[in-house]
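Following: one structure in C-alpha cells, then a few remarks.
There are 2 protein chains.
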Amino acid sequence: MIIETPDHDSDLVDLDVKQVEGLIWAYRARAIDLKKDPRFRYILIFKNQGESAGASLEHSHSQLIATPIVPKRVMEEVEGAGKYYEYKERCIFCDAIKQEIADDERVIVQNDAFVSLEPFAPRFPFETWILPKKHLPAFETIKKDEIPLLASILLETLRRLAKALSNPPYNYVLHTSPVDDGYADEYHWHIEIMPKLTRVAGFEWGTGFYINPTTPEDAAAYLKEIEI
Amino acid sequence: MIIETPDHDSDLVDLDVKQVEGLIWAYRARAIDLKKDPRFRYILIFKNQGESAGASLEHSHSQLIATPIVPKRVMEEVEGAGKYYEYKERCIFCDAIKQEIADDERVIVQNDAFVSLEPFAPRFPFETWILPKKHLPAFETIKKDEIPLLASILLETLRRLAKALSNPPYNYVLHTSPVDDGYADEYHWHIEIMPKLTRVAGFEWGTGFYINPTTPEDAAAYLKEIEI
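These protein sequences, in sequence, are chains A and B.
Per our numbering, residue 1 is the first one in the first sequence, and the count goes up by one each step.
Per our numbering, residue 1001 is the first one in the second sequence, and the count goes up by one each step.
Encoded structure:
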C-alpha cells in the first residue's frame, strides 16, 4: 500500500505535481528494492479509484504486489510483443508510438519523454495509456529527470479524464517487464488507465473480448479539447 | 436475445421446471440452426442477471451471440484441456467430475445426467459449475430426456444461490466446443455461474488472477444445506 497524500479528502487528481513526483519515487524505490528478492518474478503496481472500481479504502492510495510467478496477462502481453519482435526486429510499442504521434488522431498529451493516448483497439471507452517515448522495458529504470515529466503527464491525463467523465471510478495498472531481464528488446513499460464506465458481463467473461461503444478517436478529441 | 418468460416481473428462479426446459430447448434449437452457417466458429450462450452484472434490460432474458472466430477465452480452455488429453489420454472434465463426486466436498446437487459443484479453484466466491456426467463436447447434442434433468439442476442451483446470497446479480456462460468438431475427445461442455459479489479491480486486470476470499468447500457446504 502506498499512501498518496496525508489528506483524507484529496484524490490523486487534487494533488500537485510535486506530490505525484513523490508517489512515482515511492513506486520506483519499492520496485528496486523488491527486485532484489529472488522469490519474486513480477512487481505489480496499480491503483483502484472509487468503490465500484474495487477501492476498499477511501483514503487515496496505490498498491504494489510482488508475485512469485509472472502473471498470466503479463505473459500474454510479453509473448505478443515477442512475436512481433521476432517478425520485425522492432519493439511493437515503439512502432505504435511513432505511428500514433505521426497520425495525431488518438494522442491526448505529450512532453519530451512521454505520450498519453487512446490505444488503437481499446477494451473500454476512454481507456488511456501513458508510454515513455524512448524504448524502456522496465519502469524502475526511469531517470531522475523523467520523473517530473511522468508526474505531470499522469496528473494532466487523470485530470482530463476526471473533468470529461465527472470523476469516474477507474483502475490504472503499471505494465512493466518481468523481473527476469530477458525481455529487454521487445517489451516497453507503460501505464494503462481504465475508467469504469461499462460493465464486464457474460459476453466478456465468455469470450475475453470487450464491447466498446466509444471510438478512441472520439474519446481523444474530447479529452484533448476539454479545459482543465 | 431469448426471452425467458412473458411475465415482466419474474426472474429465471421464479419459473417452473417446464418453463426452464423450454428455455433450454430454445438454446438448443438456435445453436443447431446457427451451426449450419459456415461463417460462425462459435455459438456463445450467456445470461446477465441484475444491473451490476451488466443486464441492460429488466425483463428476464438470455443472450446468444455467434462469433466469426473462436473467442480467446474459449481457445484457452480448449487448449488447456487439449494439453491434459495429450498427457493422460483422458478428458480433464471427466476426471475432475469423477474425483469431485468421490470426494463430495464441493458437490451441491446431482442427478442421473448432471452435477452442480464449486470448482476446485474458483475465481469468485460461490462460482458454481454445472456439468454433464457423460463425456459430451457440444451442448447442442443434449438428448431429449436430458433436458428436464438440466432444467431441474439449473433451477435448483440458481435457487440455492438466490436464497444463500439474497438474489445476487450474476452471469452465467455456457461453455461448449467450437463449431469445428475437432475437440471431441478433450472438451466437455458445461455452464459456469458467477455471482457478482466481489469487484474486478487493478490486481485482476494486471494479472488475470483472481482474489477469492471464500473457499469452494465453505460455499458448497452452505449451498447444500440451505433450505429452498
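Even for Gly, the Cβ is constructed at its ideal location relative to N, Cα and C.
Which of helix, strand or coil DSSP assigns to ALA26/A
The residue given as residue 26/A occupies position 26 in the first sequence. Three-state DSSP puts ALA26/A in a helix.
Please confirm if the segment 141-159 of chain A is in contact with the segment 17-30 of chain A, defined as three or more CB-CB distances below 8 Å between the two stretches.
yes
Can you name the residues that DSSP bridges to GLN99/A?
Here residue 99/A is taken as the residue at index 99 of the first sequence, counted from 1. In DSSP, GLN99/A forms no bridge with anything.
Taking Cβ to Cβ, would you say GLY1202/B is nearer than 8 Å to LYS47/A?
Taking the second sequence and counting its residues from 1, the one referred to as residue 1202/B is at position 202. Taking the first sequence and counting its residues from 1, the one referred to as residue 47/A is at position 47. Yes, the pair counts as a contact, with Cβ atoms nearer than the cut-off.
Inter-residue Cα distance where the pair is ARG39/A and GLU79/A
Counting from one through the first sequence, the residue named residue 39/A turns up at place 39. Counting from one through the first sequence, the residue named residue 79/A turns up at place 79. For ARG39/A and GLU79/A, the distance between alpha carbons rounds to 22 Å.
Could you tell me whether the segment 1166-1181 of chain B touches the segment 27-46 of chain A, using the rule of 3 or more Cβ pairs below 8 Å?
no
Measuring alpha carbon to alpha carbon, tell me which residue in VAL173/A, ALA219/A, GLU4/A and PRO6/A is nearest LEU117/A.
On the first sequence, position 117 is the one that residue 117/A refers to. Nearest of VAL173/A, ALA219/A, GLU4/A and PRO6/A to LEU117/A, Cα basis: ALA219/A.
Closest to ALA113/A by C-alpha separation, out of LYS144/A, PRO125/A, ASP103/A and PHE120/A, would be which residue?
Position 113 of the first sequence, counted from the start, is the residue given in the question as residue 113/A. It is LYS144/A.
Under 8 Å Cβ to Cβ from ILE108/A, same chain only, skipping five residues before and after it: list those, please.
Residue 108/A sits at position 108 when you count from the first residue of the first sequence. Contacts found: SER116, LEU117, GLU118, THR128, THR157, ARG160, ALA220, LEU223 and LYS224.
Kindly say whether LEU44/A, judged by its beta-carbon, lies nearer than 8 Å to any beta-carbon of chain B.
Walking along the first sequence from the start, residue 44/A turns up at place 44. Closer than 8 Å: yes.
List, in chain order, every chain B residue whose beta-carbon is nearer than 9 Å to that of ASN212/A.
Here residue 212/A is taken as the residue at index 212 of the first sequence, counted from 1. Per Cβ cutoff of 9 Å: no residues; ASN212/A is ~14 Å from chain B at best.
Thinking C-alpha only, which one of TRP1205/B, ARG1106/B, HIS1188/B and PHE1126/B is nearest LEU241/A?
Absent from the structure is residue 241/A, since the part of chain A shown begins at 1 and ends at 228.
Distance, Cα to Cα, ILE1191/B vs LEU1154/B?
Reading the second sequence from its first residue, position 191 is the one you call residue 1191/B. Reading the second sequence from its first residue, position 154 is the one you call residue 1154/B. Roughly 9 Å separates the two Cα atoms.
Give me the subset of the segment 120-143 of chain A whose CB atoms are less than 8 Å from a CB atom of chain B, sorted by chain position.
none
Assigned exposure category for MET1194/B - 16 Cβ within 10 Å defines buried
Along the second sequence, read from residue 1 onward, the residue named residue 1194/B stands at position 194. Classification for MET1194/B: buried.
Starting from the N-terminal side, write out each stretch of the beta strand (DSSP E) that is 3 residues or longer and does not extend beyond the segment 1028-1086 of chain B.
1042-1049 and 1061-1067
In the segment 166-222 of chain A, which residue ranges form an unbroken beta strand (DSSP E) of at least 3 residues, counting only runs that do not cross its ends?
170-175 and 190-195
Taking just the CA atoms, how far does MET1/A sit from GLN63/A?
Counted from its first residue, the first sequence places residue 63/A at position 63. Counted from its first residue, the first sequence places residue 1/A at position 1. The straight-line gap from Cα to Cα measures roughly 4 Å.
Relative to the C-alpha of LYS134/A, which candidate in PRO122/A, PHE126/A, TYR170/A and PHE93/A has its C-alpha closest?
On the first sequence, position 134 is the one that residue 134/A refers to. The shortest Cα separation from LYS134/A among PRO122/A, PHE126/A, TYR170/A and PHE93/A belongs to PHE93/A.
Of all the options PRO1137/B, TYR1187/B, PRO1122/B and LYS1196/B, which has the alpha carbon lying nearest to the alpha carbon of SER1166/B?
For this step, residue 1166/B is matched to residue 166 along the second sequence. Answer by Cα proximity: LYS1196/B.
Using the rule of at least 16 other Cβ atoms within 10 Å of the residue's Cβ for burial, across every protein chain shown, is GLN99/A buried or exposed?
Working through the first sequence from its first residue, we reach residue 99/A at position 99. Exposed, since its Cβ has fewer than 16 Cβ neighbours within 10 Å.
Using only alpha-carbon positions, find the residue among PRO1168/B, ALA1138/B, LEU1174/B and ASN1212/B that is nearest to GLU1186/B.
For the purposes of this step, residue 1186/B is taken as residue 186 along the second sequence, with counting starting at 1. For GLU1186/B, the nearest C-alpha among the options comes from ALA1138/B.
Note down, in chain order, each residue of its chain lying with its Cβ closer than 7 Å to the Cβ of PRO122/A, except the 5 sequence neighbours on either side.
In the first sequence, the residue the question calls residue 122/A occupies position 122. So the list reads ASN212 and PRO216, once near-sequence residues are dropped.
Starting from the beta carbon of ALA1201/B, find every residue of chain A whose beta carbon is closer than 7 Å, and list them in chain order.
The residue given as residue 1201/B occupies position 201 in the second sequence. In chain order: ASN48, ALA53, GLY54 and ASN171.
Do THR1198/B and PHE1124/B count as a contact pair if the criterion is CB distance below 8 Å?
If you number the second sequence from 1, residue 1124/B lands on position 124. If you number the second sequence from 1, residue 1198/B lands on position 198. Their beta carbons are under 8 Å apart, which means PHE1124/B touches THR1198/B by this criterion.
Under 8 Å, do PRO169/A and GLU51/A count as touching if we go by C-beta distance?
Taking the first residue of the first sequence as position 1, residue 169/A is located at position 169. Taking the first residue of the first sequence as position 1, residue 51/A is located at position 51. In this structure, GLU51/A lies closer than 8 Å to PRO169/A by Cβ.
Hey, does ARG1090/B have any beta-carbon neighbour from chain A nearer than 8 Å?
As a first step, residue 1090/B is located in the second sequence; it is residue number 90 there, counting from the start. Closer than 8 Å: no.
If you measure beta-carbon to beta-carbon, which residues of the segment 1057-1087 of chain B are closer than 8 Å to chain A?
GLN1063, ILE1065, THR1067, PRO1071, LYS1072, ARG1073, VAL1074 and GLU1076
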